Amino acid sequence: MAAAAARAAVGAGVAGGARGGGQGGLCEVGQQPTAGARGRGGRRFPPLSRTSRDLDLTRLPFPPQALAAAAVLGLLGGLLLYMLPRKRGVDAGEVQDLHNKAPRPAAPAPAQHQDKDDRPDMAARAPEIDEDLHSRQLAVYGRETMKRLFGSNVLVSGLQGLGAEIAKNLVLAGVKSVTLHDDGKVDLWDLSSNFFLSEKDVGQNRAQACVPKLQELNNAVIISTITGDLTKEQLSNFQTEADNFLTNLQAVVFTDISIEKAVEFDDYCHSHQPPIAFIKSEVRGLFGSVFCDFGPEFTVLDVDGEEPHTGIVASISNDNPALVSCVDDERLEFQDGDLVIFSEVHGMTELNDGKPRKIKSARPYSFTLEEDTTSYGTYIRGGIVTQVKPPKVLKFKTLKEAIKEPGEFLMSDFSKFDRPPLLHLAFQALDKFRTELLRFPIAGSADDAQKLIDFAIIINESLGESKLEEIDKKLLQHFASGSRAVLNPMAAMFGGIVGQEVVKACSGKFHPLYQFFYFDSVESLPVEPLEASDLKPENSRYDAQISVFGAKLQKKLEQSKIFMVGSGALGCEFLKNLALMGISCSENGKLTVTDDDVIEKSNLSRQFLFRDWNIGQPKSTVAATAAMAINPKLHVEALQNRASPETENVFNDAFWESLDAVVNALDNVTARMYIDSRCVYFQKPLLESGTLGAKCNTQMVIPHLTENYGASRDPPEKQAPMCTVHSFPHNIDHCLTWARSEFEGLLEKTPTEVNAFLSNPSGYATAARTAGDAQARDQLERVIECLDRDKCETFQDCITWARLKFEDYFANRVKQLTFTFPEDAMTSSGAPFWSAPKRFPRPLEFSSADPSHLNFLLAASILRAETFGIPIPDWAKNPKKLAEAVDKVIVPDFQPKQGVKIETDEKATNLSSASVDDAAVIEELIAKLEAISKTLAPGFHMNPIQFEKDDDTNFHMDLIAGFANMRARNYSIPEVDKLKAKFIAGRIIPAIATSTAMATGLVCLELYKVLAGGHKVEDYRNTFANLAIPLFSMAEPVPPKTIKHQDMSWTVWDRWTITGNITLRELLEWLKEKGLNAYSISCGTSLLYNSMFPRHKERLDKKVVDVAREVAKVEVPSYRRHLDVVVACEDDDDNDVDIPLVSIYFR
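Residue 465 in UniProt numbering is what sits at position 465 of the sequence shown, and the numbering runs on without skipping anything.
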């Protein structure tokens, strides 16, 4: 254990990627660059809320307490890794910076490091991107990468489970064409891992049998098949079945090929002009491998996909080296060696030349430049510093070279530090076994295992000085025994990894895997040794799985009772996996799936069990039906209930007590916390996972073995101060936050308030009087404006309203602000008021010749008309006629007001402050509102508009983008297009199929352990992965905190139970026998007993349930057999003792 902890600590050092953050971080001895993934204490990912979709990624498997417990050797090892020179890629001899040399790139990079591609055969033929369908994927890749994907052609050879998963992920990603090659026939073993196949496909060609269901995933992708022998010449003269012209292949993937053949194909691809990316991957039982060769020189355009880090300059010294200090608005994410450019610097204008500069001595709010600024102008104010991420060139070895000299392996589990070299040997030995015996080793055969071991020994001896000193024969026995099987969880995991590598090869986006990756999950095997007789095939669809885990565990899987919460992206993958594994596929088993959401168009690019004809239908029902099509024996019940305290009559005690495990497939933290509390309460295993773009994580919550999900909390996300958002924005996020707030205020909240008043005028007035504050006053003023001054009856009225809003927002308010705080204004301390991060604004002058101005008015007018139920005339979308209508609007001259208060306090949370005359003003406003209401037509009402980001025809995002960009223009902030605005204002969570597939594969490997039972905590794994870099970090979960009292101990997993309808006195005596003096008993928020209150002694002889009914008004529902109470106790020395929840089973 100590050694394992030591290695885990080293792994944590690598995974930490520098606690100061940013792209890059440590590399594994000159290979893979690590990402800005950090320990629990700091912010690990871009500033996205943990309430976002498919989280919780912020939970890494290396919490502080685990590191503290690590052995000294491990800590020293981790420290040593942190002290190594930080490289961003492979060894210096393998990587060239494009600033020094620009060789022929595999994915050409433009001069200014933009995500751009110049290959006409890919970009020119790429179809238009359906932004509604691919919005979540666009948030990860960007338009240019998507265009390159849409023009890419890929060949996948070997359509067993792994090949099918890779093909699925590529089709969902939207490559131009996928050609499937397989000359084999479908057999029952394929049904354990290939979800495209069914029993009726047995005997058909594997590739052809996959096409119909694969094509359903994306009709825009051309899918072809090759069913005979594949030759390397075919890779050059490549032609898809749907094309009449030859086209270049960008990548080939082989999942079942001999090393000899692989070397032949790889040599051809490596030397081809242009090179064809070659990927060889295998899944053999609980073991897997990946090899990548992207050619002699491959250009990585974006090594990690993260947004460039930025900072706002506060000062720059005239020194050598120069010290740059930034405002303390937010910690800097720069690291030593990063390249940055400067802009908007006043005074020291020499830095505004756009030249990348290297930084050092990076600190949270400062850094130094390797530059002499003593002769530069003196810094005055302003300045933005932005990270530059230069492209990088990787030189790949061929398979022939790399198999002999593999170099450093990409690690995933530092408790298995010596495992990759052994697996490198094992896969070669298996290849030798198959080549000579023309078959796989037989599961459970000691003779076959020994033959494979003998091959491994021979190969090892041929390595000379680089041979392994010791060979783990037991591991090779496991490897040999399960080598024929392609397990679904392994196929899902590696399908995600390899699918992402293909995307990298086609686009240059993200850092490729360089070059070997090996993985195993032998700890998923049952604890008890498996007999050869238990591994024999049974002529069933689970034969592959039985050959690894045995028939006894297979029966347990089929009889298991699982609760899966959520059926979105994670849920679809889980349902597919569980169906293929045979989970709940017997009369005694049951899989319950619940999700209260319905299918939307944007779901279809990742949630692959859904089709376009399912839009609007319940996710759980459609997903469950699709899963039953994969395995008709799946015993699944689909519900549309949200798992919450309000549905505990559905998910009652009997339901929870019947479960074997719970699988979360959720998209928010609140729901996760609730499910976690239920699992702790009923002592049920919880398998947790989440994704964010190319990142994913898994957390195993195992009763009595691990901490629970809620045991640790991440720090809350930093929110921009109200005054910054409303008056002093300095980035586009502030502008978009304000824009969405204004959208909802104008088009949803105010019309809703109008309807609330009209439906019950007296009640509305009473509520306003009762509130009597500034918020109530402002609310009344908005309602009056809407029904009086700003009331619209014609579309021309709506145009007038929009034009005046433009003037108010982007001219008058700015003029008032700069009147109150002129450009030369000073603070009370004598410092310039308009100093960083504040940006001095300029008012906009409306011009109907400016398309952005006219587009804002168009969107605002149409949506305003919608709230009033006014028809939109046909001419409204004609720019010329719209401009003519706008020109009719009379815009009053602006007169600045004296004494206007503008909030500048960043700690202020409410911009509307109460005043002494609020009550009097409210009375006046109510009287005015009642008078106005008498002038309204009978039945008048408004139509509130709820923001919907995923419909590009509804003008919602047009208006929000217009709001934000006009405001950005006021403050000289770079503007964004509508898509980028949608990501930020719509709080769209980046998501791709590959990371989702990997996460669910990892979870299902843990599910084997959960259902087999008997595993220790060191057998389980929590994982954090980032496919972009790539990074894989696995560690055993953290044990729960233990509380001890006398000879007793307990954790969060314990709950003390008492059977019988006992009295308060009996409860106190029961605790006294444990050496505990109870002084307070509560139920919910009500106090049932406290020793300090004399009258409470009168309750001692009453039943606890009766006291709860009388005092707390608690009625225990019929579906619950017990009452829970929280008891505060002391020991005999008056020390408080935290005891478990006490459950009284009175029924």
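The beta-carbon is built from N, C-alpha and C at its ideal position, and this holds for glycine as well. Here the structure is a predicted model, which means the values were calculated and not measured.
Applying the criterion that 16 or more other CB atoms from any shown protein chain within 10 Å of the CB defines a buried residue, is residue i buried or exposed?
{"i": "Asn169", "result": "buried"}
{"i": "Val345", "result": "buried"}
{"i": "Ser193", "result": "buried"}
{"i": "Thr1023", "result": "buried"}
{"i": "Glu948", "result": "exposed"}
{"i": "Glu28", "result": "Because the pLDDT at Glu28 is just 31, under 50, the model does not fix this residue reliably, and the value given afterwards should be weighed accordingly. Classification for Glu28: buried."}
{"i": "Gln500", "result": "buried"}
{"i": "Met146", "result": "buried"}
{"i": "Glu233", "result": "exposed"}
{"i": "Leu463", "result": "exposed"}
{"i": "Pro974", "result": "exposed"}
{"i": "Thr698", "result": "buried"}
{"i": "His635", "result": "buried"}
{"i": "Thr766", "result": "exposed"}
Which value, in whole angstroms, describes the spacing of the CA atoms of residue i and residue j?
{"i": "Ser602", "j": "Phe610", "result": "11 angstroms"}
{"i": "Glu600", "j": "Pro879", "result": "32 angstroms"}
{"i": "Val593", "j": "Leu575", "result": "9 angstroms"}
{"i": "Cys1129", "j": "Thr625", "result": "52 angstroms"}
{"i": "Phe294", "j": "Val385", "result": "34 angstroms"}
{"i": "Ser584", "j": "Ser547", "result": "19 angstroms"}
{"i": "Ala768", "j": "Asn1135", "result": "50 angstroms"}
{"i": "Gly288", "j": "Ala629", "result": "28 angstroms"}
{"i": "Phe517", "j": "Phe494", "result": "10 angstroms"}
{"i": "Ser933", "j": "Met942", "result": "13 angstroms"}
{"i": "Ile312", "j": "Cys572", "result": "43 angstroms"}
{"i": "Phe291", "j": "Gln208", "result": "26 angstroms"}
{"i": "Thr621", "j": "Glu297", "result": "49 angstroms"}
{"i": "Gln683", "j": "Glu707", "result": "12 angstroms"}
{"i": "Lys536", "j": "Ser521", "result": "21 angstroms"}
{"i": "Asn668", "j": "Asp733", "result": "22 angstroms"}
{"i": "residue 1160", "j": "Ala456", "result": "One cannot answer for residue 1160 here, as it falls past the ends of the chain, which runs 1 to 1147."}
With a Cβ-Cβ cutoff of 7 angstroms, do residue i and residue j count as a contact?
{"i": "Ala859", "j": "Gly986", "result": "no"}
{"i": "Val221", "j": "Asp201", "result": "no"}
{"i": "Leu780", "j": "Ile945", "result": "no"}
{"i": "Phe810", "j": "Asn970", "result": "yes"}
{"i": "Asp183", "j": "Leu159", "result": "no"}
{"i": "Tyr1020", "j": "Met700", "result": "yes"}
{"i": "Val498", "j": "Ile279", "result": "yes"}
{"i": "Ala139", "j": "Ile988", "result": "yes"}
{"i": "Thr255", "j": "Ser281", "result": "yes"}
{"i": "Ser727", "j": "Ile902", "result": "yes"}
{"i": "Pro356", "j": "Leu339", "result": "yes"}
Grab me the residues of residue i's own chain with a C-beta within less than 7 angstroms of its C-beta, minus the 5 sequence neighbours each way, in chain order.
{"i": "Asp328", "result": "Tyr365"}
{"i": "Ser847", "result": "His853"}
{"i": "Thr349", "result": "Gly377"}
Who are the Cβ neighbours of residue i in its own chain at under 6 angstroms, not counting the five residues just before and after it?
{"i": "Leu79", "result": "The pLDDT assigned to Leu79 is 33, lower than 50, so where the model puts this residue is not dependable; a value taken from the coordinates is nonetheless given after this. Nothing meets the Cβ criterion."}
{"i": "Val1116", "result": "Leu1123"}
{"i": "residue 1148", "result": "Since the displayed the chain opens at 1 and closes at 1147, residue 1148 lies outside it and no answer follows."}
{"i": "Ala277", "result": "Ala251, Phe294, Ala505"}
{"i": "Leu530", "result": "Gly550"}
{"i": "Gly347", "result": "Gly377, Thr378, Tyr379, Ile380"}
{"i": "Ile259", "result": "Asp431"}
If I measure Cβ to Cβ from residue i and keep anything under 8 angstroms in the same chain, skipping five residues before and after, which residues do I get?
{"i": "Trp1070", "result": "Ile1058, Ile1062"}
Exercise. Do three or more CB pairs link the region 334-343 to the region 427-443 at distances below 8 angstroms?
Worked result: no
For this session: Taking 8 angstroms as the threshold, find out whether the region 990-998 comes into contact with the region 466-480 through three or more Cβ pairs.
Result: no
Problem set entry | the region 784-797 touching the region 863-872, judged by at least three CB pairs closer than 8 angstroms | yes
Exercise. How do the region 438-445 and the region 481-490 stand: do at least 3 beta-carbon pairs fall below 8 angstroms, yes or no?
Worked result: yes
Exercise. Does the region 368-377 come close enough to the region 304-319 to have 3 or more Cβ pairs within less than 8 angstroms?
Worked result: yes
Exercise. For the 8 angstroms Cβ check, are there 3 or more pairs between the region 1084-1098 and the region 1133-1147?
Worked result: no
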